[in-house]
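What follows is a single structure, written as structure tokens, with notes after it.
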Amino acid sequence: MRLGVLDVGSNTVHLLVMDAHQGARPLPAYSHKVELRLAEHLDGDRLSAQGAEQLHGFVREAMRIAEDKGVEDLVAFATSAVRDAVNGEEVLNQIKDETRVDIQVLSGADEARLTFLAVRRWFGWSSGRLLVIDIGGGSLEIASGIDEQPDTAVSLPLGAGRLTRDWFTADPPPADEVRALRRHIRTEIGRTVGGVIRYGRPDHTVATSKTFRQLARIAGAAPSSEGPYTKRSLTHEAVTSWTGRLAEMSSAKRNSLPGVSVGRAPQLLAGALVADATMDLFDLPALELCPWALREGVILRRLDVLPSGSGVRL
């Protein structure tokens, strides 16, 4: 069965087409994404008319592509940028009226749970208790558990893009702004540690997201061209070292680092501060990177409920 998943994120909107069947590993067939940066289109707490129109246009384009690629069923979801907008539901209803695409807004806890499911399916039961960390554009998700559903799932407003916009006034930012953000991040994460580890220390610690992939790449991990089965890891020592170095670099300089894109370079420092704090406060010497994350979790959950469930029949 050819499934499509439409991911409306804070930085990127992404249509992923996968060949998937119950009991089988989903295989990517086609990918189309655009950096709309919806979070930057928040005018106060409202999604701007320009941001809404750009999202609407992408959904129209995605539906044409999905039809061309033979997609039978499409699931669409939105994360923190739309979740934070007071007019997010209104914008999504307008899109649904025209395109029939019902974009569901995921809660932060749902993001954490679905990402955890994807990581569990990738690594399997032999990993024991998993601790999964994901740094998005708008939020940080942390989940831990022994089964496919985590015992605890936490979402914090500590996304790399959000923090960059809210805390930094220059490129590179002044040292006092970096210190202030570092304190803020550690205070927010520190409040969650006890609630997560009370279920037990993890047997396997895992990271997902573009932020972690870029940090791992600049720290020496294999490039994406070597494929998803190449093992990639990131040590806390490397994160701490690179956080200090990134704080002294402009976005243009960060963009010259291996694996760092133009669009992501400005927010890499904030993401590194979050990664450093999380690994430190949870006492994690290293993290293994998982190539599956939220989108794959959404697909896996959709397969679990077929033929029932919600989706757009094309």
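Residue numbers for the sequence shown follow the UniProt record's numbering, beginning at 1 and rising by one.
By construction, the Cβ of each residue, glycine as well, lies at the ideal position given by its N, Cα and C atoms.
When burial is assigned at 16 or more other CB atoms within 10 Å of the CB, is residue i buried or exposed?
| i | result |
| --- | --- |
| Leu273 | buried |
| Gly23 | exposed |
| Arg198 | exposed |
| Ser139 | buried |
| Ser310 | Caution is warranted here: a pLDDT of 47 is assigned to Ser310, below 50, making its placement in the model unreliable, and the coordinate value is therefore given only provisionally. Looking at its Cβ environment, which holds fewer than 16 other Cβ atoms inside 10 Å, Ser310 is exposed. |
| Ser308 | Caution applies to Ser308, whose pLDDT of 47 falls short of 50 and renders its modelled position unreliable; the value that the coordinates give is listed next. Per the 10 Å Cβ criterion, exposed. |
| Val8 | buried |
Could you tell me the alpha carbon to alpha carbon distance between residue i and residue j, rounded to whole angstroms?
| i | j | result |
| --- | --- | --- |
| His14 | Trp125 | 30 Å |
| Ala277 | Gly200 | 20 Å |
| Lys69 | Asp19 | 11 Å |
| Val17 | Val34 | 15 Å |
| Ala286 | Asp203 | 12 Å |
| Val59 | Gly51 | 12 Å |
| Val101 | Ser224 | 31 Å |
| Leu27 | Pro174 | 45 Å |
| Glu98 | Ser144 | 39 Å |
For residue i, which three-state DSSP category applies?
| i | result |
| --- | --- |
| Lys33 | strand |
| Pro285 | coil |
| Thr278 | helix |
| Ile146 | coil |
| Gln104 | strand |
| Met18 | strand |
| Pro266 | helix |
Checking the sheet assignment: what are the DSSP bridge partners for residue i?
| i | result |
| --- | --- |
| Val13 | Val8 and Val34 |
| Ser224 | Answer by DSSP bridge pairing: none, since Ser224 is not bridged. |
| Arg46 | Asp43 |
| Thr208 | Asp134 |
Could you check whether the region 187-207 touches the region 165-175, counting it as contact only if at least three pairs of C-beta atoms, one from each stretch, sit closer than 8 Å? no
Does the region 142-153 come within contact of the region 114-130, defined as at least 3 CB pairs closer than 8 Å? yes
Between the region 226-245 and the region 152-164, are three or more C-beta pairs nearer than 8 Å? no
Say whether the region 176-193 touches the region 248-258, bearing in mind that this needs 3 or more beta-carbon pairs closer than 8 Å, one atom from each stretch. no
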